[in-house]
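Chemist:
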């Protein structure tokens, strides 16, 4: 499986100090789980960021690659409404 970071995701990761290695390790460790939120996106990763916010990593998958599209802040209270979220350590 190939992992592709979009330019937008790379910029956001630098801005928010989140490591590419941590994201990839988490995705690889959880690749066999069903991570479908009911839409076409295979989401499912977040990292605690501040007391109030987490960073949500949005990915999309096809048969050849997993593309990391963006990394954006989300209120930690809203995380509870999203199924199958996996924490990036």
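In this note's numbering, the protein residues as written are 2 to 90. For each residue, glycine too, the CB sits at the ideal point set by N, CA and C.
For residue 66 and residue 5, which I take to be in contact (beta-carbon distance under 8 Å), what is that distance rounded to the nearest angstrom?
Modeler: Along the chain shown, read from residue 1 onward, the residue named residue 66 stands at position 65. Along the chain shown, read from residue 1 onward, the residue named residue 5 stands at position 4. Contact holds; Cβ gap of about 5 Å.
Chemist: Label residue 48 either buried or exposed according to how many other C-beta atoms from any shown protein chain fall within 10 Å of its C-beta, with 16 as the threshold for buried.
Modeler: Sequence index remark: in the chain shown, residue 48 carries index 47 (1-based). Flag for residue 48 reads buried.
Chemist: Shortest alpha-carbon distance to residue 32 belongs to which of 72, 68, 81?
Modeler: What you label residue 32 is simply residue 31 of the chain shown in a count that begins at 1. For the residues 72, 68, 81, the minimum Cα distance to residue 32 belongs to 68.
Chemist: Output needed for residue 17: all residues of its chain with C-beta closer than 8 Å, excluding positions within five of it in sequence on either side, in chain order.
Modeler: The count along the chain shown starts at 1 and reaches residue 17 at position 16. Result list for residue 17: 50, 56, 72, 74, in chain order.
Chemist: Rank 52, 77, 8 by C-alpha distance to the C-alpha of residue 46 and give the top, closest one.
Modeler: As a first step, residue 46 must be located in the chain shown, where it is residue number 45. When each option's Cα is compared against that of residue 46, the closest is 77.
Chemist: Per DSSP, what kind of secondary structure is residue 7 in: helix, strand or coil?
Modeler: For the purposes of this step, residue 7 is taken as the residue at position 6 of the chain shown. It is coil, neither helix nor strand.
Chemist: Cα-Cα, which of 90, 83, 58, 87 is closest to residue 11?
Modeler: Indexing the chain shown from 1 puts residue 11 at position 10. Selected option, being the one with the closest Cα: 58.
Chemist: In terms of residue numbering, what span does the beta strand (DSSP E) encompassing residue 84 cover?
Modeler: Against the chain shown, residue 84 aligns to sequence position 83. Unbroken run through residue 84: none, as it is neither H nor E.
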